[in-house]
Ligand code: ATP
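In UniProt numbering, the protein residues as written are 181 to 823.
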């Protein structure tokens, strides 16, 4: 099937072997992907395109594939380097106006109608008569221009950006303007999840290898190879999430040689392992019956992945792979004191927690969130931060992901030592009975923690699983036991003007969850009670610059009617007592029923500035919570009936 697609993406534009990849071929591919909703088909189209890229670039060229992949996921560098697109609407409108000669007001009116600036740009281009055909855009040129735009800062940077964008737009043909503008906005909206991109890379590399073989694989063998390759590439990438490393290695060493050349590397943050919520200690015991497990304090701070490189340098990354070394210069200073001499390079998984200077008591997360995210000076620091280490993922040249937690933990304790108020090992207890867990849970709460993390301790079920919300890690929060349920991380997508005293601020907000597969925000509830005047003012200040007249095209609105829309950016942690089916909101539509799911009586907990909009709770999690609640209710009823 992939082969038959080859012809479709192989568009005009003189794409010969050794020539740069035409941007037209890439955008044609995007258009084909966008036109289908079938995941397998999307992957097959992308595979066909990437195969062409591999086959038409010279053997020592890995840049072509690398840049094509980056443009497919709309990034310009690995996450932790943090070169980001996300150009504001008004700047883009200006550039479209300048390159097409249409007036700002006409473009704005079009945008109101279409809701997609990419489409508006494309239509504006196509309605324009051109005398000369512009020189076709190429992937390397577009990539370099986007990077230029992202890196331009300082004096008159706006004007510089507009000028680069205007030039790009002037050269656009066919679909190109649509996707360039969407790239610049920061969202391609073709419904291509990063996982499918990894699969497509693996498939394309396998097919390219097969083409070169003198005896080609038979159908069954090829299918098996494709499957094996995609598992391989996904797993390698989860350990070393950098296309800069993975793609050249893939092209040089092939699918089979990839694993050997791409291993977890200090300096490249991996996506952290996450936990599943549990409601009751009984549930923990059901899950871990007859298995060795451990309970650890669930500290209420910020996840910190600490890397020490062979050259002695130290980097601290957030759960989002952002470099936090500038936020925590004190942690960087403290670190050498807790490392033993035998410890040369490592990757440590830990929680950074605020503590009281005089009493050394743990303080809640809010204390840390007051810190600026950058350029913190050690002498200005008020709250002290202590690091609680709970896992060791790499030590002195060796990745430890495929060691049991028991082994990783003993290596951790062997190679680090506690320093009062600066570093400690996460407090743990390997108790096994309900009573023991209950006692430890109460202790953790008394000590200022959120509850417990319960983890599989031995066998391959205790391996570290990067980027997975794993069933081998359970979180047991005190809130769950009170029947409150887990919190959700939701994106603020709309605002309702306040009434009475609150007319100068928003009085309520529309929230959404994020479906990463469909790349869309799905509305889930309106939240408007429990905010102080002061809080409303600060939310207003933060959200006002994100105002938009129409919902952005990737917001699945349903029946919600806020007064104003926001660029989806700000993430709030929200607690709810109750979920229900809703004819208005769109979260998880089709997962439980045709109707969506909404939160009743949502309560604001805090801003999650360590999460981006893409990290918001997904619709599957919402549906899971809804179903758990329905199950608990029916069991409750049964119990009552039986009494
Ligand atoms: P949240 O529940 O706030 O959404 P999350 O999605 O960031 O958290 P979870 O999997 O729910 O992640 O909970 C795990 C988080 O708890 C970790 O990311 C880490 O920051 C924190 N944590 C605190 N103590 C521990 C511990 N001992 N082991 C693992 N994680 C811990």
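C-beta atoms are modelled at their ideal positions from N, C-alpha and C, and glycine is treated no differently.
None of the values given here were measured: they were computed from a predicted structure.
Mind checking residue 652: buried by the 16 CB within 10 Å criterion, or exposed? In summary, residue 652 is buried, with 16 or more beta-carbon neighbours lying within 10 Å of its beta-carbon over all protein chains present.
Helix, strand or coil for residue 464 per DSSP? Looking at residue 464 - three-state DSSP - the assignment turns out to be helix.
Under 8 Å between the Cβ atoms of residue 644 and residue 581? With contacts defined by Cβ atoms closer than 8 Å, residue 644 and residue 581 form a contacting pair.
Please find out if some non-hydrogen atom of the ligand ATP comes closer than 7 Å to the beta-carbon of residue 259. No, the ligand ATP has no heavy atom inside 7 Å of this Cβ.
Option nearest residue 233 by Cα separation, candidates 221, 209, 201, 211: Here the closest residue by C-alpha is 201.
Under a three-way DSSP split, which group does residue 636 fall into? Residue 636 falls in the strand class under three-state DSSP.
Cβ neighbours of residue 505 in the same chain (closer than 6 Å, five flanking residues each side left out): Excluding positions up to five away in sequence, the list reads 495, 496, 512.
With a cut-off of 8 Å, do at least 3 Cβ pairs link the region 756–773 to the region 796–814? Of all C-beta pairs linking the region 756–773 to the region 796–814, three or more are shorter than 8 Å, placing the two stretches in contact.
So what does DSSP say about residue 192, is it helix, strand or coil? Low confidence applies here, because residue 192 scores a pLDDT of 48, under 50, leaving its location unreliable; read the following figure in that light. For residue 192, the three-state secondary structure derived from DSSP is coil.
Quick check on the burial criterion: 16 or more other C-beta atoms within 10 angstroms. Buried or exposed for residue 306? Answer is exposed; the Cβ neighbour count stays below 16.
What are the start and end residues of the alpha helix (DSSP H) that includes residue 714? It spans 713–723 - the alpha helix (DSSP H) in which residue 714 sits, taken as one unbroken run.
Check whether the Cβ of residue 655 sits closer than 7 Å to any heavy atom of the ligand ATP, and report yes or no. With a threshold of 7 Å, the Cβ atom of residue 655 counts as near the ligand ATP, since some heavy atom of the ligand is closer than that.
Any non-hydrogen atom of the ligand ATP closer than 7 Å to residue 452 Cβ: Correct: residue 452 has its Cβ closer than 7 Å to the ligand ATP.
Beta strand (DSSP E) segment containing residue 482, residue limits: Segment 482–488, the beta strand (DSSP E) holding residue 482.
Can you tell me which of the three DSSP states residue 701 falls into? In the structure shown, residue 701 sits in a strand (DSSP, three-state: E or B).
Please return the same chain residues whose Cβ sits closer than 7 Å to the Cβ of residue 561, not counting the five positions on each side in sequence. Closer than 7 Å at Cβ, skipping near neighbours: 510.
With burial defined as no fewer than 16 other Cβ atoms inside 10 Å of the residue's Cβ, what is the status of residue 197: buried or exposed? With fewer than 16 Cβ atoms within 10 Å of its Cβ, residue 197 is classed as exposed.
May I ask you to check if the CB of residue 499 is nearer than 7 Å to at least one heavy atom of the ligand ATP? Yes, Cβ of residue 499 sits closer than 7 Å to a heavy atom of the ligand ATP.
Please report the distance separating the alpha-carbon of residue 590 from that of residue 608. Cα to Cα, the separation comes out at about 12 Å.
Let me check you understand the geometry: is the CB of residue 149 closer than 7 Å to at least one non-hydrogen atom of the ligand ATP? Lying before the first or after the last residue shown, residue 149 is absent from the chain, which here runs from 181 to 823.
Rounded straight-line distance, which links the Cα of residue 372 to that of residue 222: Residue 222 and residue 372: Cα-Cα distance of roughly 7 Å.
Which residues mark the beginning and the end of the beta strand (DSSP E) in which residue 798 is found? Here residue 798 belongs to no beta strand (DSSP E), and DSSP marks it neither H nor E.
Does the beta-carbon distance from residue 242 to residue 428 come in below 8 Å? Cβ atoms of residue 242 and residue 428: closer than 8 Å.
Quick check on residue 474: does DSSP put it in helix, strand or coil? It is a strand residue.
Should residue 736 be labelled buried (16 or more other beta-carbon atoms within 10 Å of its own) or exposed? Under this definition residue 736 is a buried residue.
Bounding residues of the alpha helix (DSSP H) (the contiguous stretch that carries residue 657): Here residue 657 belongs to no alpha helix (DSSP H); instead the beta strand (DSSP E) covers 649–657.
Check whether the region 445–457 and the region 396–404 touch, using three or more Cβ-Cβ pairs below 8 Å as the test. As far as the Cβ criterion goes, the region 445–457 does not touch the region 396–404, which means the pair count is below three.
Are the beta-carbon atoms belonging to residue 423 and residue 606 less than 8 Å from one another? Contact flag unset, no.
Return helix, strand or coil for residue 578, following the three-state DSSP convention. Here DSSP, grouped into helix, strand and coil, assigns residue 578 to strand.
What is the rounded straight-line gap between the Cα of residue 821 and the Cα of residue 460? For residue 821, the pLDDT reaches just 45, beneath the cut-off of 50, and the residue's location in the model is therefore unreliable, leaving the point undetermined.
If we count the other Cβ atoms within 10 Å of its Cβ and call it buried at 16 or more, is residue 595 buried or exposed? Classification of residue 595: buried, given that the 10 Å Cβ count is 16 or more.
Can you name the start and end residues of the alpha helix (DSSP H) that residue 643 belongs to? Counting along the chain, residue 643 falls outside any alpha helix (DSSP H), and DSSP gives it neither H nor E.
For residue 210, the three-state DSSP class (helix, strand or coil): When secondary structure is reduced to three states using DSSP, residue 210 falls in the helix class.
Assess contact between the region 671–682 and the region 775–785, defined as three or more Cβ pairs (one per stretch) separated by less than 8 Å. Is contact present? Touching, no.
Return the first residue and the last residue of the alpha helix (DSSP H) that residue 625 is part of. Per DSSP, the unbroken alpha helix (DSSP H) holding residue 625 starts and ends at 614–626.
If you measure between the beta carbons of residue 533 and residue 556, is that distance less than 8 Å? Taking the C-beta atoms as reference points, residue 556 is found no nearer than 8 Å to residue 533.
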